[in-house]
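A.B. asks: There's a structure below that I have some questions on.
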Amino acid sequence: MDLSAFYGVVSGINFTLLGLWWVAVRERPEVGVGTAAGRRMAYLVALQFLIPGTMALLSQVAPDEPGLWRASFTIAGVAGAYGSVLLGRSLTRVPGQALVAGLIRWGSGLLYAAVAVFAAIPGLTAGLTLSALQVEAVLLCLLVFLGVHAAWVVAMVPKET
C-alpha cells in the first residue's frame, strides 16, 4: 500500500475516533466531566487518538523531507509515552481493570517510546526489510488498537446509582 494513502486513512480514522470520543464524553458526563480525575482520564484517552492522528497528518506534509516527520514523530512518541503512563495510572482506579491499565501503561508507553526511537535514529531500520515509515506505520496500528481499548474501558464504566 502507498504510505501516503495509508497515513491519510490513519489520520482520518483517528480524528473520527477522537470526535466519537468527544460525543461519548458529552453524552455520558460520568465518563469524564464529573470530577477532575474524570476530566483528566477523558483527556488522556483523547490523546490516544489525537497523537496518532497528528503524527499521520504530519507525515504527509513533506514525505520527501524526512527531518519533518522524524522530528514530529519523536516529539509525539515522547508525549504519547508520557500520556500512556498517566492514562494507565488513571485506569488503575477503574474497578476490575488492572490488566487493561497495565497494558495501556506499559504496552502503549513502550510502543510510543519505540515510535520516538525509530524516528530519532535514522539508521535503526537498516537491517530490516521495512522502511522507517513502514515500521512507524505498524506501531501506529498497534497504538490505535490499544487506544480503542482504553476508550472502551473508560466509556463502559457503569453509571453510578
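Residue 17 is where the sequence shown starts when you use this note's numbering, and the numbers rise one by one after that.
We treat Cβ as the ideally placed atom computed from N, Cα and C, and that holds for glycine.
From a predicted model like this one, the values you see are computed outputs, not experimental measurements.
1. Using only alpha-carbon positions, find the residue among A132, L127, L144 that is nearest to G163.
2. So, with DSSP's three-state summary, where would you put A58?
3. Hey, A92 and G104: beta-carbon distance below 8 angstroms or not?
4. Rank V25, M172, N30, L107 by C-alpha distance to the C-alpha of L66 and give the top, closest one.
5. Quick one: Cα of A178 to Cα of A52, how far?
6. Is the Cβ-Cβ distance between L102 and L60 less than 8 angstroms?
7. Please state whether DSSP places L127 in a helix, a strand or coil.
8. Is it buried or exposed for S20, if we count other Cβ within 10 angstroms and need 16 for buried?
9. Excluding the 5 residues preceding and the 5 following V47 in the sequence, name in chain order all residues of the same chain whose CB lies nearer than 8 angstroms to its CB.
10. Keeping to the same chain, check which residues put their C-beta closer than 7 angstroms to that of A130; ignore five residues upstream and five downstream.
11. What would DSSP say about V160, mapped onto helix, strand or coil?
12. Helix, strand or coil for S27, going by three-state DSSP, please let me know.
13. Between which two residues does the alpha helix (DSSP H) holding E81 run?
C.D. replies: In short, the structure shows the following:
1. Taking the sequence shown and counting its residues from 1, one reaches residue 163 at position 147. Nearest of A132, L127, L144 to G163, Cα basis: L127.
2. Working through the sequence shown from its first residue, we reach residue 58 at position 42. Here A58 sits in helix by DSSP.
3. On the sequence shown, position 76 is the one that residue 92 refers to. On the sequence shown, position 88 is the one that residue 104 refers to. Result no, Cβ atoms of A92 and G104 do not sit closer than 8 angstroms.
4. By one-based count along the sequence shown, residue 66 stands at place 50. Closest in alpha carbon position to L66, among V25, M172, N30, L107, is N30.
5. Because the chain in this structure spans residues 17 to 177, residue 178 falls outside the shown range and cannot be described.
6. Counting from 1 along the sequence shown, the entry for residue 102 is found at position 86. Counting from 1 along the sequence shown, the entry for residue 60 is found at position 44. Yes, Cβ-Cβ distance for L102 and L60 is below 8 angstroms.
7. For the purposes of this step, residue 127 is taken as the residue at position 111 of the sequence shown. Correct three-state label for L127: helix.
8. Here the question's residue 20 lines up with position 4 in the sequence shown. Flag for S20 reads exposed.
9. Along the sequence shown, read from residue 1 onward, the residue named residue 47 stands at position 31. These residues qualify, in order along the chain: A40, V41, G54, A58, V170, A171, V173.
10. The count along the sequence shown starts at 1 and reaches residue 130 at position 114. The residues are L155.
11. Mapped onto the sequence shown, residue 160 falls at position 144. Looking at V160 - three-state DSSP - the assignment turns out to be helix.
12. For the purposes of this step, residue 27 is identified with residue 11 of the sequence shown, where counting begins at 1. S27: helix per DSSP, three-state reduction.
13. For the purposes of this step, residue 81 is taken as the residue at position 65 of the sequence shown. Taken as a continuous stretch (DSSP letters only), E81 belongs to no alpha helix (DSSP H), as it is neither H nor E.
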